[in-house]
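Colleague: Please see the structure below; I have some questions.
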Amino acid sequence: MTTDIRKLLKDPSLFKEEAFINGKWVKSSSGKTFPINNPANNEIIAQVANLDAADADKAIAAANAAFPKWKSITGKERAGLMRKWFDLILQNKDDLAILMTLEQGKPLTESAGEVVYGASFIEWYAEEAKRVSGTIPTTIWGDKRFMVLKQPVGVCVAITPWNFPNAMITRKIAPAMAAGCTIVIKPAEQTPLSALALAELAIRAGIPEGVMNIVTADADQSIAIGKTLCASPVVRHLSFTGSTEVGRILMSQCAPTVKKLGLELGGHAPFIVFEDADIDAAVTGAIASKYRNSGQTCVCANRIYVHKKVHDAFVEKFSKAVQTIKVGNGMDAGVSQGPLIDHAALEKVERHIADALSKGAKLVTGGKPSPLGGTFYEPTILANVTSNMLITYEETFGPVAPIIPFESDDEVVELANNSQYGLASYFYSRDIGRIWKVAEALEYGMVGVNSGILANEVVPFGGVKQSGLGREGSVFGMDEYLELKYVCITL
Ligand code: SIN
Numbered sequence: 002m003t004t005d006i007r008k009l010l011k012d013p014s015l016f017k018e019e020a021f022i023n024g025k026w027v028k029s030s031s032g033k034t035f036p037i038n039n040p041a042n043n044e045i046i047a048q049v050a051n052l053d054a055a056d057a058d059k060a061i062a063a064a065n066a067a068f069p070k071w072k073s074i075t076g077k078e079r080a081g082l083m084r085k086w087f088d089l090i091l092q093n094k095d096d097l098a099i100l101m102t103l104e105q106g107k108p109l110t111e112s113a114g115e116v117v118y119g120a121s122f123i124e125w126y127a128e129e130a131k132r133v134s135g136t137i138p139t140t141i142w143g144d145k146r147f148m149v150l151k152q153p154v155g156v157c158v159a160i161t162p163w164n165f166p167n168a169m170i171t172r173k174i175a176p177a178m179a180a181g182c183t184i185v186i187k188p189a190e191q192t193p194l195s196a197l198a199l200a201e202l203a204i205r206a207g208i209p210e211g212v213m214n215i216v217t218a219d220a221d222q223s224i225a226i227g228k229t230l231c232a233s234p235v236v237r238h239l240s241f242t243g244s245t246e247v248g249r250i251l252m253s254q255c256a257p258t259v260k261k262l263g264l265e266l267g268g269h270a271p272f273i274v275f276e277d278a279d280i281d282a283a284v285t286g287a288i289a290s291k292y293r294n295s296g297q298t299c300v301c302a303n304r305i306y307v308h309k310k311v312h313d314a315f316v317e318k319f320s321k322a323v324q325t326i327k328v329g330n331g332m333d334a335g336v337s338q339g340p341l342i343d344h345a346a347l348e349k350v351e352r353h354i355a356d357a358l359s360k361g362a363k364l365v366t367g368g369k370p371s372p373l374g375g376t377f378y379e380p381t382i383l384a385n386v387t388s389n390m391l392i393t394y395e396e397t398f399g400p401v402a403p404i405i406p407f408e409s410d411d412e413v414v415e416l417a418n419n420s421q422y423g424l425a426s427y428f429y430s431r432d433i434g435r436i437w438k439v440a441e442a443l444e445y446g447m448v449g450v451n452s453g454i455l456a457n458e459v460v461p462f463g464g465v466k467q468s469g470l471g472r473e474g475s476v477f478g479m480d481e482y483l484e485l486k487y488v489c490i491t492l
């Protein structure tokens with residue numbers, strides 16, 4: 002271990018390698034740890050507690066023990082604690098960003114942006130904690146009155162991904178905590194440091210023991226822990242962000258205990274540039290959507306459909322813009338694209354590009370590993386892409402933009418909808434009639450019109466088809482953690 006993370010932080014105590022159960026920092030019961038790798042240089046930066054299924058049971062028990070008290074304090078009290086946590090996160094933004102870049106690889110500015118984005122869910126749901134209200138339907142039976150109460154579902158589990166090590170945690174647990182639920186978090190094995198730092202700040206904010214628990218584990222133990230979390234009858238809600246394949250497994254593992262599920266799964270976003278689009282705006286949107294986080298987001302543009310009339314103009318401007326992206330270690334100033342998370346990710350990118358080129362795609366720019374080596378890859382554009390190429394139906398999760406020409410609205414909407422996924426979609430047009438029609442016709446949970454960026458705390462994030470179940474963020478995200486209870490009173 003060569004980098005001493007503590008020396009890079011203003012507050013070294015935010016660097017934690019133990020798991021967090023019942024308000025305490027704990028080792029695994031086996032005493033084992035697992036290494037955390039910096040994807041920028043392959044250096045081992047931490048050795049984190051490698052918990053097992055029995056440890057996960059302890060976390061569930063702690064969350065269960067904390068639930069009665071946490072749900073019975075007022076929403077206003079929960080809001081006050083969450084607000085303190087939000088303030089502490091912003092005060093420690095720089096340190097949280099450093100931890101994130103070291104374990105995940107994204108540029109420091111993107112990490113800092115994610116910390117603020119992640120904190121926004123805590124602020125927003127802290128405010129909402131005071132506004133959880135049921136309804137009183139007008140009676141239709143004269144001697145009876147009706148009430149509908151909203152109550153927390155109970156102990157919740159959040160299984161979170163490595164691509165957003167902070168915000169995918171807060172987007173799940175902030176509404177859960179605000180609703181009065183307690184939580185067990187299983188962060189991705191690649192990126193537990195961000196999660197553990199959030200827990201340290203939660204202690205300082207006064208969030209009571211057991212309300213938030215973090216079980217850390219390597220890839221093998223994660224499978225056993227996942228099974229335990231799914232099988233537990235105590236756990237009433239499981240939220241997962243990750244691949245559709247793993248989502249299906251978790252769904253089946255949760256079936257015997259009939260849990261509520263929130264699944265934010267894979268995507269394959271179409272990005273359509275119509276002939277009346279503002280091409281410069283479309284280029285800016287495509288860069289933001291495609292290359293953010295090195296192309297490793299579920300909402301990244303995966304298929305860029307460009308009308309034949311504007312195809313060449315778009316490709317030229319897009320290519321110029323892509324060539325300004327600076328690849329490098331996310332800790333270095335001016336870097337706008339970090340490494341891919343691991344070699345499997347790099348191999349997938351290479352496989353998609355090789356397949357497309359072998360079937361007639363044209364390389365516009367990039368197309369090879371960066372001279373920096375490791376898992377750095379050049380931002381790439383492919384033109385003349387056709388629907389028989391892997392890249393048009395498998396999620397690439399890398400910095401490759403495939404461009405597909407089209408001629409009519411009906412044709413492109415059909416192509417765009419021809420996917421098992423239905424998470425994000427984007428299109429650029431200045432024709433208000435087209436905007437309405439296409440926005441309505443796209444079979445996606447989210448549509449960006451003249452915008453390459455979609456998500457924030459006040460809107461519902463989520464997908465249709467095999468992109469998942471439920472929504473995160475907004476008032477709808479809170480409903481996921483609340484049960485309705487109907488009460489009928491005879492007078
Ligand atoms: C994701 O890739 O799952 C999340 C992207 C976002 O929140 O913008």
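Reading the sequence shown from the start, the letters are residues 2 to 492 in my numbering.
Beta carbons: idealized from backbone N, C-alpha and C, even for Gly.
#1: Hey, G106 and G331: beta-carbon distance below 9 Å or not?
#2: Once the 5 residues before and after S31 are set aside, which same chain residues still bring their CB inside 8 Å of it?
#3: Check M148 in the structure and name its three-state DSSP category.
#4: Going by alpha carbons, who is nearest to K466 out of K187, K438, S475, Y422?
#5: Please name the residue, chosen from P176, G143, D343, that lies closest to A159 on a Cα-to-Cα basis.
#6: Measure the C-alpha to C-alpha separation of K321 and V365 and round it to an integer number of angstroms.
#7: Taking the CB atoms as reference points, tell me whether I99 and L9 lie closer together than 9 Å.
#8: What are the partner residues of Y487, as DSSP defines its beta bridges?
#9: Taking only the alpha-carbon atoms, compute the straight-line gap between D58 and I174 and give it to the nearest angstrom.
#10: Go ahead and pull the three-state DSSP assignment for A283.
#11: Go ahead and label L82 buried or exposed: buried means 16 or more other beta carbons lie within 10 angstroms of its beta carbon, across all protein chains shown.
#12: Should R146 be counted as a contact of the ligand SIN given a C-beta to heavy atom distance under 8 Å?
#13: Let me know the secondary structure DSSP gives Y394 once reduced to three states.
#14: Smallest Cα separation from S29: which of V49, A456, P380?
#15: Rounded to whole angstroms, what's the CA-CA distance from D95 to T3? Just pull it up for me.
#16: Could you check whether the region 30 to 45 touches the region 135 to 142, counting it as contact only if at least three pairs of C-beta atoms, one from each stretch, sit closer than 8 Å?
#17: For W26, which three-state DSSP category applies?
#18: Do A196 and P166 have their CB atoms nearer than 9 Å?
#19: Would you kindly work out how many angstroms separate the C-alpha atoms of N93 and D12, rounded to a whole number?
#20: Note the first and the last residue of the continuous beta strand (DSSP E) segment covering T366.
#21: Give the single residue among R293, E265, S233, P234 whose Cα lies nearest to the Cα of S244.
#22: So, with DSSP's three-state summary, where would you put K466?
#23: Within a Cβ cutoff of 7 Å, which residues of the same chain sit near V386, ignoring the five residues on either side of it in sequence?
#24: Please state the DSSP three-state secondary structure of V185.
#25: Once you ignore the five residues that flank V149 on each side, which residues in its own chain have a CB closer than 6 Å to its CB?
#26: For the ligand SIN, is there any heavy atom lying closer than 8 Å to the beta carbon of N167?
#27: Please state the DSSP three-state secondary structure of M332.
#28: Just to confirm, does K363 get its C-beta within under 8 Å of one of the non-hydrogen atoms of the ligand GDP?
#29: Please classify V284 as buried or exposed, where buried requires at least 16 other C-beta atoms within 10 Å of its C-beta.
#30: In whole angstroms, what separates the C-alpha of G268 from that of L470?
#31: Mind checking which residues open and close the alpha helix (DSSP H) that includes V413?
#32: For the ligand SIN, I want to know if R205 counts as a neighbour, meaning its beta carbon is within less than 8 Å of at least one of the ligand's heavy atoms.
#33: Would you say T298 touches the ligand SIN, meaning its beta carbon is less than 8 Å from a heavy atom?
#34: Going along the chain, which residues of its own chain have a beta-carbon closer than 6 Å to the beta-carbon of L492, five neighbours each way excluded?
#35: Please return the same chain residues whose Cβ sits closer than 8 Å to the Cβ of R79, not counting the five positions on each side in sequence.
#36: Less than 8 Å separating the Cβ of L264 from some heavy atom of the ligand SIN?
Modeller: Looking at the coordinates:
#1: yes
#2: N51, D53
#3: strand
#4: Y422
#5: P176
#6: 10 Å
#7: yes
#8: V149
#9: 19 Å
#10: helix
#11: buried
#12: no
#13: coil
#14: V49
#15: 21 Å
#16: no
#17: strand
#18: yes
#19: 8 Å
#20: 363 to 366
#21: E265
#22: strand
#23: A357, A362, I392, T393, P403, I404, I405
#24: strand
#25: G135, T136, L485, Y487
#26: no
#27: coil
#28: Looking for the ligand GDP in the displayed structure turns up nothing; the ligands present are the ligand SIN.
#29: buried
#30: 13 Å
#31: 410 to 418
#32: no
#33: yes
#34: D144
#35: W71, A127, A130, M178, A179, G181
#36: no
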